[in-house]
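K.L.:
For reference, the structure I am asking about is given below.
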């Protein structure tokens with residue numbers, strides 16, 4: 001189980017794609033997401049993305065993996081415990097950033 005002190009901010013996705021990332025939904029429609037944050041916990045990188053036209057404002061958290069050429073790819077987090085831990089740390093990071101501004 002990781003803690004906030006274990007989190008390191010990264011910028012691999014932002015360097016590769018900029019602030020906007022286009023993903024495709026299950027109907028193969030493109031959806032623009034804003035890259036809110038990316039961070040590393042241990043050996044794993046995660047990214048928080050938010051749909052441009054999101055009504056609920058909740059970000060989606062993805063794992064960042066790399067293909068054979070070293071290009072970043074996004075994967076959903078299938079493990080419930082991992083998702084819960086990463087989501088809680090993202091919330092802590094977000095609220096602590098807001099508290100210092």
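Numbering (the UniProt record's numbering), first residue to last: 1 to 101. The beta carbon of each residue, even a glycine, is placed where N, CA and C say it ideally should be.
Counting along the chain, where does the alpha helix (DSSP H) carrying residue 2 start and finish?
P.N.:
Position 2 of the chain shown, counted from the first residue, corresponds to residue 2. Looking at the DSSP string, residue 2 is not in any alpha helix (DSSP H), and its letter there is neither H nor E.
K.L.:
Along the alpha helix (DSSP H) that carries residue 68, what are the first and last residues, could you check?
P.N.:
Taking the chain shown and counting its residues from 1, the one referred to as residue 68 is at position 68. Where residue 68 is concerned, there is no enclosing alpha helix (DSSP H), given that its DSSP letter is neither H nor E.
K.L.:
So what does residue 49 bridge to, in DSSP terms?
P.N.:
Here residue 49 refers to the residue found at position 49 of the chain shown. DSSP lists 35, 60 as partners of residue 49.
K.L.:
Can you give me the C-alpha to C-alpha distance between residue 64 and residue 92, rounded to a whole angstrom?
P.N.:
For the purposes of this step, residue 64 is identified with residue 64 of the chain shown, where counting begins at 1. For the purposes of this step, residue 92 is identified with residue 92 of the chain shown, where counting begins at 1. Each residue's Cα considered, the two are about 20 Å apart.
K.L.:
From the DSSP secondary-structure annotation, give me the bridge partner or partners of residue 54.
P.N.:
As a first step, residue 54 must be located in the chain shown, where it is residue number 54. Note: residue 54 sits in no beta bridge, so no partner.
K.L.:
Hey, how far is the Cα of residue 52 from the Cα of residue 32?
P.N.:
One-based indexing of the chain shown puts residue 52 at position 52. One-based indexing of the chain shown puts residue 32 at position 32. So the two alpha carbons sit approximately 6 Å from each other.
K.L.:
Quick test of your reading: residue 40 and residue 8, contact by CB under 8 Å. State the CB separation rounded to the nearest angstrom.
P.N.:
Your numbering for residue 40 matches position 40 in the chain shown. Your numbering for residue 8 matches position 8 in the chain shown. Confirmed, Cβ separation roughly 5 Å.
K.L.:
Using only the alpha-carbon positions, how far apart do residue 87 and residue 50 sit?
P.N.:
Indexing the chain shown from 1 puts residue 87 at position 87. Indexing the chain shown from 1 puts residue 50 at position 50. Inter-residue distance for residue 87 and residue 50 is about 14 Å (C-alpha atoms, whole angstroms).
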